[in-house]
Amino acid sequence: MSRRKRDLSVTVAGLKFANPVIAASGTYGFGEDYNELYPINILGGISCKGLTLEEREGNPTPRIAETSGGMLNAVGLQNPGVDRFITTHLPFMKEKANVVIANFAGATLEDYVKTAQKLDATNVDMLELNISCPNVKEGGAAWGVSADSAAQVTGAVRAVTNKPLMVKLTPNVSDITEIAKAVEAAGADCVSLINTILGMRIDIRSRRPILRNNVGGLSGAAVFPVALRMVWQVANAVKIDVVGMGGIMTADDAIEMMLAGAKAVQIGTVIISDPYAPLKIIGGIEHYMNVNDVKRLDEVVGGVEKW
Numbered sequence: 009m010s011r012r013k014r015d016l017s018v019t020v021a022g023l024k025f026a027n028p029v030i031a032a033s034g035t036y037g038f039g040e041d042y043n044e045l046y047p048i049n050i051l052g053g054i055s056c057k058g059l060t061l062e063e064r065e066g067n068p069t070p071r072i073a074e075t076s077g078g079m080l081n082a083v084g085l086q087n088p089g090v091d092r093f094i095t096t097h098l099p100f101m102k103e104k105a106n107v108v109i110a111n112f113a114g115a116t117l118e119d120y121v122k123t124a125q126k127l128d129a130t131n132v133d134m135l136e137l138n139i140s141c142p143n144v145k146e147g148g149a150a151w152g153v154s155a156d157s158a159a160q161v162t163g164a165v166r167a168v169t170n171k172p173l174m175v176k177l178t179p180n181v182s183d184i185t186e187i188a189k190a191v192e193a194a195g196a197d198c199v200s201l202i203n204t205i206l207g208m209r210i211d212i213r214s215r216r217p218i219l220r221n222n223v224g225g226l227s228g229a230a231v232f233p234v235a236l237r238m239v240w241q242v243a244n245a246v247k248i249d250v251v252g253m254g255g256i257m258t259a260d261d262a263i264e265m266m267l268a269g270a271k272a273v274q275i276g277t278v279i280i281s282d283p284y285a286p287l288k289i290i291g292g293i294e295h296y297m298n299v300n301d302v303k304r305l306d307e308v309v310g311g312v313e314k315w
C-alpha cells in the first residue's frame with residue numbers, strides 16, 4: 009500500500025476542480041464567514057447562495073426545523089439579488105475560492121434568462137440552473153417537475169450563455185431520469201441532484217405546522233439513500249456529468265455517491281452542524297485512496313459492481 013499525497017482532482021463539464029468536494033448552494037452563503045475559519049480554497053468549489061433577478065427577503069419565520077436525521081427548511085431563496093452579488097460578493101469569491109458556481113432561480117422564464125445574461129457577463133466559472141427549489145411559492149420546482157418545462161428553461165438559458173451549465177434537479181418527481189435526459193437534450197453540460205425532498209412537521213401542542221410556510225425541504229442524512237439511488241439512475245441514463253448531493257455527511261458517503269456515478273459531490277446540511285466537515289470529507293477521501301491504492305478518482309466514479 010502506497011501512502012502519499014494523492015491527486016484528488018476531477019473534471020466536471022470540462023472544468024477542473026482541485027478535489028470533488030463542493031459547498032452546496034444555500035448552506036455556505038458566499039464563503040465569507042467560513043473563510044474566517046479556514047481558507048475556503050481548500051474546497052474544490054463553492055456554489056453560491058441561490059440568486060434571483062431581484063433581492064428577496066425569503067419566507068417569514070419560523071422557516072427552519074430539526075427533524076429525525078435531518079432538517080426542514082423553507083428559507084425561500086433569501087438573497088441580495090444578482091446585481092448586488094456581482095458587485096459585492098463575487099470579487100471576494102473569485103479572490104478566495106477555487107471554482108465559483110453561480111446558482112440561480114426565477115419565477116418566470118424571462119427572470120431566468122435575464123439573470124443568466126447578467127452572470128454570463130461576469131467571471132463566474134459555472135452556472136447552476138436551479139429548477140428544483142421546493143419552498144418558493146412562485147416558480148422554483150415548478151420548472152423541474154416536467155420534462156417539457158425543464159427542457160424549455162434549460163434551452164432558454166443555454167441560448168444566452170457559453171459558460172458550463174449545470175442543472176439542479178428536484179427529487180419530487182415520478183421519474184428523475186426523464187427530467188435529466190430532457191435537460192441534457194436541451195444543452196445542459198451536467199446535472200446536480202438531488203435538491204431537498206418536500207416534507208412537513210406539526211407542533212402537536214399548537215396543532216400548527218412548525219414551519220410558517222407549512223412545508224419545506226428535507227435535507228440531511230435521512231435523504232441520503234434516496235439521493236444515492238437517484239444519482240445512480242441518472243448516471244446510467246445520461247452521457248453528461250453528474251454531481252451528487254443529498255445527505256452526504258462523511259467521506260464514506262461521498263465515495264458511495266461517486267461509486268454510484270457522481271464525478272463530484274456537493275455537501276450542505278452537514279456544514280451547518282460542523283463547519284469543518286468539508287475538510288474532514290476531503291481528508292477522508294484521500295485516506296480512502298491511500299488505503300485502497302486508488303491513483304485517480306476516475307477509478308472510483310461509476311465503479312459500483314452489479315450483483
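Each residue of the sequence shown is one higher than the last, beginning at 9 in the working numbering. Beta carbons: idealized from backbone N, C-alpha and C, even for Gly.
To which residues of the same chain is residue i closer than 7 angstroms at the C-beta, ignoring the five residues directly before and after it?
{"i": "V308", "result": "I263, M266, L267 and V302"}
{"i": "E313", "result": "none"}
{"i": "L155", "result": "Note that residue 155 is Ala in the sequence shown, not Leu. Within the same chain, A155 has close Cβ partners E186, I187 and A190."}
{"i": "N131", "result": "K102"}
{"i": "E65", "result": "Q86"}
{"i": "A32", "result": "S55, M253, Q274, I275 and G276"}
{"i": "R304", "result": "D15"}
{"i": "D133", "result": "L23, V107, V108 and I109"}
{"i": "V239", "result": "L201, V250, G252, M265, A268, G269 and A270"}
Assuming contact is defined by CB atoms lying nearer than 8 angstroms, are residue i and residue j in contact in what I supplied?
{"i": "S55", "j": "I109", "result": "yes"}
{"i": "G195", "j": "G163", "result": "yes"}
{"i": "I184", "j": "L201", "result": "yes"}
{"i": "V18", "j": "K271", "result": "yes"}
{"i": "M174", "j": "A21", "result": "yes"}
{"i": "A115", "j": "A159", "result": "no"}
{"i": "A229", "j": "G255", "result": "yes"}
{"i": "A243", "j": "G224", "result": "no"}
{"i": "A259", "j": "G292", "result": "yes"}
{"i": "E118", "j": "R92", "result": "no"}
Just tell me which of the options has its CA closest to the CA of residue i.
{"i": "L80", "options": "N221, G292, Q274 and A272", "result": "N221"}
{"i": "K57", "options": "G78, A73 and L85", "result": "L85"}
{"i": "V168", "options": "L135, I72, A230 and G225", "result": "L135"}
{"i": "A82", "options": "E74, P88 and G89", "result": "E74"}
{"i": "P99", "options": "F112, F38, E118 and Y120", "result": "F38"}
{"i": "V181", "options": "V234, I218 and R216", "result": "V234"}
{"i": "I280", "options": "N27, L23 and Y36", "result": "Y36"}
{"i": "I218", "options": "T69, S157, M238 and Y296", "result": "T69"}
{"i": "R71", "options": "A150, I210, R92 and A285", "result": "I210"}
{"i": "N203", "options": "R215, L236, S214 and R216", "result": "L236"}
Between which residues of its own chain and residue i is the CB-CB distance below 8 angstroms, once the five residues before and five after are set aside?
{"i": "L287", "result": "Y46 and I50"}
{"i": "F112", "result": "G58, L59, T60, V90, Y120, T123, A124, L127, L135, E136, L137 and N138"}
{"i": "E146", "result": "Unreliable positioning characterises E146 in this predicted model, as indicated by a pLDDT of 47, which lies under 50. The coordinate reading is nonetheless provided below. Same-chain partners within the cutoff: A115."}
{"i": "T96", "result": "P88"}
{"i": "P283", "result": "Y42 and L45"}
{"i": "A105", "result": "G39, I48, N49, L51, G53 and I54"}
{"i": "F25", "result": "S17, V18, T19, G52, G53, N106, V107 and A272"}
{"i": "K171", "result": "L127, D128, V132, D133, M134 and L135"}
{"i": "D197", "result": "A21, G22, P172, L173, M174, I248 and D249"}
If I follow the unbroken beta strand (DSSP E) through residue i, where does it start and stop?
{"i": "E136", "result": "M134 to N138"}
{"i": "T19", "result": "V18 to V20"}
{"i": "M79", "result": "G78 to N81"}
{"i": "L108", "result": "For clarity, residue 108 is Val in the given sequence; the question names Leu instead. Unbroken beta strand (DSSP E) run through V108: V108 to F112."}
{"i": "A1", "result": "An answer regarding residue 1 cannot be provided, because it is not within the stretch 9 to 315 covered by the chain."}
{"i": "K24", "result": "L23 to F25"}
{"i": "V234", "result": "Taken as a continuous stretch (DSSP letters only), V234 belongs to no beta strand (DSSP E), being part of the alpha helix (DSSP H) at F232 to A243."}
{"i": "E65", "result": "First-last for E65: undefined, no H or E at that position."}
What are the boundary residues of the alpha helix (DSSP H) that includes residue i?
{"i": "M297", "result": "A285 to V299"}
{"i": "F100", "result": "L98 to K104"}
{"i": "T185", "result": "I184 to A193"}
{"i": "E264", "result": "A259 to L267"}
{"i": "I126", "result": "Note that residue 126 corresponds to Lys in the displayed sequence, not to Ile. Where K126 is concerned, the enclosing alpha helix (DSSP H) stretches over L117 to D128."}
{"i": "V161", "result": "A155 to R166"}
Skipping 5 residues on each side, what residues in its chain have a beta carbon closer than 6 angstroms to that of residue i?
{"i": "I205", "result": "P179, L226 and V231"}
{"i": "M297", "result": "R14"}
*How do the stretch 239-254 and the stretch 272-285 stand: do at least 3 beta-carbon pairs fall below 8 angstroms, yes or no?*
yes
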